[in-house]
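Inspection log for the structure reproduced underneath, given as structure tokens.
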Amino acid sequence: MSYILHLLILLSIYSVLSLSLNLLVGYTGLFSFAHAAFYGIGAYITTLLMIKAGWGFFPALFIAILGAILLSLIVAIPSLRLKGDYFVLATLGFQTIIFYILYNWVGLTNGPYGIPGIPRPKFLGFGVDSTFAYSVFSILLSGICLLLLWRICESPFGRTLRAIRDDEIAASALGKNIYRFKVLAFVLSGAFASVPGALFASYMRYIDPTSFTLMETVFILSAVLIGGAGNIKGPIIGTVFVILLPEFLRFLHIPDTIAPNVRQILYGLFILILMRLRPQGLGGEYKLQ
Amino acid sequence: MVAQLFANGLATGSIYALSALGFGLIYNTTRVFHIAYGAVYTVSAYLLFALWAQYKIPLGIALIIASILTMLLGILIDIHIYQPLLRQGSSFLIVMISSLAVYIITVNIIALIFGNETKVLRSGVATTFSLGQVILSDVQILQIVALAFAFLTLVLSLKWTNFGKIIRAMRDNPDLLSLMGIDLQKVRWLIFGLGSLLAGLAAMLQALDVGIDPNIGMSAVLIAAVAVIIGGVGILEAPAFGGLLLGVLQSVVIWQASGRWQEAVTFALLILFLLFKPEGIFGQRRRLEEK
Amino acid sequence: MSILELQQVSKSFDGIKAVDGVSLSFEGGKITGLIGPNGAGKTTLFHLITGFLRPDAGAIYYKGKRIDGLPPWRIAAEGIGRLFQDVRVFRQLTVLENVLVAFRNQPDDKPWVAFLPFRRLKDIERENLEKARYWIQFVGLEGMENARAEDLSYGQQKLLAIARLLAVDAEILLLDEPTAGVNIKMIRVILDMIERLAKEERKTIIIIEHNMQVIRDIADWVYFMNEGKIISYGLPEEILENKEIRRIYIGMYDSVPVEGG
Chain U
926 MSYILHLLIL LSIYSVLSLS LNLLVGYTGL FSFAHAAFYG IGAYITTLLM IKAGWGFFPA
986 LFIAILGAIL LSLIVAIPSL RLKGDYFVLA TLGFQTIIFY ILYNWVGLTN GPYGIPGIPR
1046 PKFLGFGVDS TFAYSVFSIL LSGICLLLLW RICESPFGRT LRAIRDDEIA ASALGKNIYR
1106 FKVLAFVLSG AFASVPGALF ASYMRYIDPT SFTLMETVFI LSAVLIGGAG NIKGPIIGTV
1166 FVILLPEFLR FLHIPDTIAP NVRQILYGLF ILILMRLRPQ GLGGEYKLQ
Chain R
126 MVAQLFANGL ATGSIYALSA LGFGLIYNTT RVFHIAYGAV YTVSAYLLFA LWAQYKIPLG
186 IALIIASILT MLLGILIDIH IYQPLLRQGS SFLIVMISSL AVYIITVNII ALIFGNETKV
246 LRSGVATTFS LGQVILSDVQ ILQIVALAFA FLTLVLSLKW TNFGKIIRAM RDNPDLLSLM
306 GIDLQKVRWL IFGLGSLLAG LAAMLQALDV GIDPNIGMSA VLIAAVAVII GGVGILEAPA
366 FGGLLLGVLQ SVVIWQASGR WQEAVTFALL ILFLLFKPEG IFGQRRRLEE K
Chain Y
47 MSILELQQVS KSFDGIKAVD GVSLSFEGGK ITGLIGPNGA GKTTLFHLIT GFLRPDAGAI
107 YYKGKRIDGL PPWRIAAEGI GRLFQDVRVF RQLTVLENVL VAFRNQPDDK PWVAFLPFRR
167 LKDIERENLE KARYWIQFVG LEGMENARAE DLSYGQQKLL AIARLLAVDA EILLLDEPTA
227 GVNIKMIRVI LDMIERLAKE ERKTIIIIEH NMQVIRDIAD WVYFMNEGKI ISYGLPEEIL
287 ENKEIRRIYI GMYDSVPVEG G
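If you read the sequences in order, they're chains U, R and Y.
Count the first sequence with the working numbering and you get residues 926 to 1214, in order.
Count the second sequence with the working numbering and you get residues 126 to 416, in order.
Count the third sequence with the working numbering and you get residues 47 to 307, in order.
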């Protein structure tokens, strides 16, 4: 039972991560490799404020979101001046740099040794200590994020993003400031990615930089690509798929030592097949252009 | 001291330059962002490990077999992954993602077979040579020599041979080539074969020098991409300079700061170039026509 | 009074002058035709006016204000709208969404609108929804509001692009071959609409056309371009009767093209 709760928590965390990445990839048509960096910043800022400054979960989360917004601007403003492929490469560069800062600035982040002893949130003296309580907490907080993301996607803003994705030139001929829209989308995407970071940190009670690598971005990307981009249900389907697949493998008695490798092979195969046969993913709307 | 740093940087840079030349060859002619290049790289290193370190096949023969198999792998990836996608009109992004998927699959298969730990091909101390104040190991010298040889061959054949003309035509105007009756299939075999060979050479030289693990391919392809951009996209010889520059720069960073910051410096350089000099060192500033 | 003015505008590509010292002036409320053989520089001129290209020399004034050098979205927001030769609908959006995107008064640049209660957003959207349906019905695409733009035929996409342009409510409309690929009945509707836009709404319209009937029919004034220069200008009848100009065209464009819609 507690294992199912664990899965639910992971699902809630990763659905916000994939839906926020979808805002960039599926709605704006921007392929970014930097998503795990914002996930990580959310985790680290929340953690450091809670542990070193004794803050509560929500005040720390608030600052973490602000930090993610600032970081998104730093990444987006120069990168979005670059055309297509170079933009992708720039986000990859930023992801690597941010990871290296988390990994090597040992004085601040403890580097590879990680930060243990992260407290659970406390409300009015009651700690969200049990796994059950945390799963409720996580689902609620993620639910709010998902709701807001859904509203954004369905709003006129979301519609114009899709228009920009489909034809930038036609959109600018309608008077839309393309650059500004893209920066806004990027910042929103990064801000929303920081919340699961805080959830993850407080749940695991320990974080280290290896949870926020380039491969982590690729993992979130595969959820978006497999499930499908450009609508709401696609990334959710994808998240369910990538989170539950390991469980399915366990069912087949694949030994734990090789399970991660087998899992990755299966993700890779799935993506290959989908790119060939159904680039809009299992449940998505947007065929990558 | 500086001379030693420079020499070390030159040796490492030679590996980077070799793999950058291969990556650049493929990117400049076929426009594929060949992330799976990293898979070819990794496979090559492990082939050498398996053939030479495990099965004790003589080094020369092992190198040749590994090289041939590496070239084959590269060509097969093109034939079975990229070309079908291109034929159905898939975009650059879909091809790149498929390439990433191939990388993930391949690298994990290697991890399944060989395990995730670092493997060393040679135990014991390497033979070293002194040139003045500088000390280089036998492998390091081999790295520099290999680059010099490959680079010279490339430059000369690009200029003087038919092959060179075809490669340059492929970069500038592939449609014209097919109109002239040249079999684009065979040209692609050539390009992917050669590119993969360069990746293989770099990988095997690295394998002989330091240890290998299933993740060396990702670093390799990223550094190669950065070297291509720094050198200048569109210029087939330029990635060599990008690679050498990165090698020397990393050497300096190790000396000044710490080895831990190497990759960050590489990518910081990438971002600086992308922002301020996207055409690279040798490229030409393209006029921005349509936005 | 000229609402749009080009002064000595030039643009070269790789040493070839696509637009060579062109000076033009367009009167508000009038329909001006821009004709000339392919490659004469007409579309390049449109790119220059709308900001997709920067002139190498010269200046462009809109209502007395200099606009060359401004980004395309700024120029569009100032009131210059454009119909593209290659249509450019938003392929994965529905017909309705394509038109809705065009309205300038919507809060689409404010994502936090999404945090407002549902009802407020509905009110804002309702008026635009009505206007969008009106334009869709006007160009004859009613019933297709929920069809994806990429599933439409070329002619239908063209009509959609026109509906979208109407929704923008721009003051100056640059139409690049508006009747190409549209069936005869629809051409008549479009031409009537263009005339109404000029006469009743006082819009300024500049049309690039190869269909001389259209020019003869609705243009108030014509510029003839060749090899980047304005060769001749005047009333449609004068220009079209001119032997020199007919010679340059070699009678290729005397007939009305009939294409499926």
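By construction, the Cβ of each residue, glycine as well, lies at the ideal position given by its N, Cα and C atoms.
The C-beta separation of residue 237(R) from residue 1145(U) comes to about 24 Å, leaving the pair out of contact by the 8 Å criterion.
With respect to chain U, the C-beta atom of residue 156(Y) has a partner C-beta closer than 8 Å. Taking the Cα of residue 987(U) as reference, the smallest distance to any Cα among 1030(U), 999(U) and 966(U) is reached at 966(U).
Apart from sequence neighbours up to five positions away, the residues of its chain that approach residue 961(U) with a beta-carbon distance below 6 Å are 1137, 1141 and 1142, ordered along the chain.
Counting only the Cα atoms, residue 331(R) lies some 7 Å from residue 140(R). Secondary structure note for residue 295(R): its alpha helix (DSSP H) is the uninterrupted segment 287-297. Residue 1085(U) sits in a helix when the DSSP states are folded into three classes. Bridge pairing for residue 1041(U): 1131(U) [DSSP].
According to DSSP, residue pairing for residue 228(R) in a beta bridge does not occur. Distances from the CA of residue 324(R) to each of 169(R), 152(R), 134(R) and 133(R) were compared; the closest alpha carbon is that of 169(R). Shown here, residue 174(Y) sits in a helix according to DSSP, grouped into three states. Secondary structure of residue 192(Y) (DSSP, three-state): coil. In the structure shown, the three-state DSSP call for residue 307(R) is coil. Considering only 60(Y), 50(Y), 62(Y) and 75(Y), the residue with the shortest C-alpha distance to residue 246(Y) is 75(Y). Boundaries around residue 53(Y) are those of the beta strand (DSSP E), 48-59, since no alpha helix (DSSP H) includes it.
Unbroken beta strand (DSSP E) runs of no fewer than 3 residues, entirely contained in the segment 225-294 of chain Y, are found at 250-254, 267-272 and 275-280, following chain order. Closest by C-alpha distance to residue 211(Y), out of 189(Y), 229(Y) and 178(Y), is 178(Y).
In the three-state reduction of the DSSP assignment, residue 180(R) falls in the coil class. For residue 128(Y), the pairing in a beta bridge is given by DSSP as 220(Y). When 334(R), 290(R) and 339(R) are compared, the shortest CA-CA separation from residue 316(R) is found for 290(R).
Beyond the five residues adjoining it in sequence on each side, residue 364(R) comes within less than 6 Å, by CB distance, of 145, 146, 149, 352, 353 and 356 in the same chain, given in chain order. For residue 1004(U), the enclosing alpha helix (DSSP H) stretches over residues 982-1004. With a 10 Å radius around the Cβ and a threshold of 16 neighbouring Cβ atoms, residue 1090(U) comes out buried. Residue-level contact by beta carbon holds for residue 152(Y) and chain U, with a gap shorter than 8 Å. Below 8 Å, enough C-beta pairs join the segment 247-258 of chain Y and the segment 73-91 of chain Y to call them touching: three or more. Around the beta-carbon of residue 93(Y), 16 or more other beta-carbon atoms lie within 10 Å, marking it buried.
Following the DSSP letters along the chain, one finds residue 1025(U) in no beta strand (DSSP E) but inside the alpha helix (DSSP H) bounded by residues 1009-1029. When beta bridges are read from the DSSP output, residue 72(Y) appears opposite 50(Y). Taking the Cα positions, residue 263(R) is about 7 Å away from residue 251(R). Contact between residue 1167(U) and residue 1131(U) fails: their C-beta atoms lie close to 23 Å from each other, not under 8 Å. Taken through DSSP and simplified to helix, strand or coil, residue 1183(U) comes out as coil. Within the DSSP secondary-structure output, residue 78(Y) pairs in a beta bridge with 252(Y) and 267(Y). Only residues of its own chain outside the window of five on either side were considered, and among them 259 and 261 have a CB closer than 7 Å to the CB of residue 132(R), listed in chain order. The beta carbon of residue 167(Y) falls within 8 Å of a beta carbon belonging to chain U, placing the residue at that interface. Closer than 8 Å to the CB of residue 1076(U) there is at least one CB belonging to chain Y. The beta carbons of residue 1111(U) and residue 949(U) sit closer together than 8 Å.
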